[in-house]
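What follows is a short report on a single structure.
Next comes the structure, spelled out in structure tokens:
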């Protein structure tokens with residue numbers, strides 16, 4: 001396994017569980033920035049992955065990294081036969097799916113609703129929306145996070 005040494009600290013996330021109420025609080029800190037040289041090193045590492053391997057891209061984009069860089073990275077990986085799993089949100093998720101042929105995407109219910117541009121209130125609505133992503137060629141597989149209710153694949 002290879003790594004890219006970044007100048008910034010990696011992101012820390014804190015999860016606090018209140019036993020008396022069962023509530024959970026999540027504190028998500030900003031991620032580390034990647035300068036152009038660090039991102040270039042990351043691209044080089046990714047493009048050394050063998051064909052047929054899986055690349056998991058998870059979380060939000062590092063501050064300063066544009067969506068276009070992400071899509072270029074995914075596209076280059078796909079051209080080399082690397083299968084991509086995407087667990088992101090917002091513009092990064094939308095742009096990755098626009099490339100098509102994503103091996104697996106893992107939106108939560110809110111993200112899936114935004115992707116299909118409608119409310120998803122029933123389990124069947126969620127299933128149909130996930131199928132739309134597959135049938136349109138955007139993703140081969142979809143796993144929808146449903147929070148405490150689990151997930152739908």
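Numbering (UniProt numbering), first residue to last: 1 to 153.
Note that beta-carbon positions come from the ideal geometry of N, C-alpha and C, so glycine has one too.
For a minimum of 3 consecutive residues, which ranges assigned as the beta strand (DSSP E) are wholly contained in the segment 26-96? 54-58 and 83-87, all fully within the segment 26-96.
Is the beta carbon of residue 100 less than 8 Å from the beta carbon of residue 137? In the chain shown, the residue the question calls residue 100 occupies position 100. In the chain shown, the residue the question calls residue 137 occupies position 137. Yes, Cβ-Cβ distance for residue 100 and residue 137 is below 8 Å.
Straight-line gap, residue 81 to residue 53 (C-alpha atoms, nearest Å): As a first step, residue 81 is located in the chain shown; it is residue number 81 there, counting from the start. As a first step, residue 53 is located in the chain shown; it is residue number 53 there, counting from the start. Rounded to the nearest angstrom, the two C-alpha atoms are 8 Å apart.
Taking a contact to mean a Cβ-Cβ separation below 8 Å, would you say residue 70 touches residue 61 in this structure? As a working note, residue 70 is residue 70 in the chain shown. As a working note, residue 61 is residue 61 in the chain shown. Taking the C-beta atoms as reference points, residue 61 is found nearer than 8 Å to residue 70.
Mind checking residue 27: buried by the 16 CB within 10 Å criterion, or exposed? Here the question's residue 27 lines up with position 27 in the chain shown. Around the beta-carbon of residue 27, fewer than 16 other beta-carbon atoms lie within 10 Å, marking it exposed.
Is it true that the CB of residue 120 sits closer than 8 Å to the CB of residue 104? To locate residue 104, count along the chain shown from 1; it is residue 104. To locate residue 120, count along the chain shown from 1; it is residue 120. No. Outside cutoff.
Determine which residues share a DSSP beta bridge with residue 24 and list them. Along the chain shown, read from residue 1 onward, the residue named residue 24 stands at position 24. According to DSSP, which records beta bridges pairwise, residue 24 is partnered with 17.
Distance, residue 102 Cα to residue 51 Cα: As a first step, residue 51 must be located in the chain shown, where it is residue number 51. As a first step, residue 102 must be located in the chain shown, where it is residue number 102. Rounded to the nearest angstrom, the gap between the Cα atoms of residue 51 and residue 102 is 15 Å.
Quickly, what does DSSP pair residue 151 with across the bridge? List them, please. Sequence index remark: in the chain shown, residue 151 carries index 151 (1-based). According to DSSP, which records beta bridges pairwise, residue 151 is partnered with 145.
First and last residue of the alpha helix (DSSP H) that includes residue 109? Stepping through the chain shown from its first residue, residue 109 is reached at position 109. Counting along the chain, the alpha helix (DSSP H) containing residue 109 begins and ends at 109-116.
Can you give me the start and stop residues for the beta strand (DSSP E) that residue 104 sits inside? Here residue 104 refers to the residue found at position 104 when the chain shown is read from its first residue. Segment 102-105, the beta strand (DSSP E) holding residue 104.
For residue 139, list the residues DSSP reports as bridge partners. Position 139 of the chain shown, counting from 1, holds the residue named residue 139. 102.
Beta-carbon proximity list for residue 158, same chain, < 8 Å, skipping 5 on both sides: As shown, the chain starts at 1 and ends at 153. That puts residue 158 outside it, with no answer to give.
DSSP three-state assignment for residue 133, whether helix, strand or coil: Looking up residue 133 in the chain shown gives position 133. DSSP places residue 133 in helix when its eight states are reduced to three.
Residue 115 versus residue 141 - alpha carbon distance: Position 115 of the chain shown, counted from the first residue, corresponds to residue 115. Position 141 of the chain shown, counted from the first residue, corresponds to residue 141. Rounded to whole angstroms, residue 115 to residue 141 spans 15 Å at the Cα level.
Comparing alpha-carbon positions, which option in 29, 4, 19 and 122 lies nearest residue 38? Start at 1 with the first residue of the chain shown, and residue 38 comes out as number 38. Distances from the alpha-carbon of residue 38 to those of 29, 4, 19 and 122 put 4 closest.
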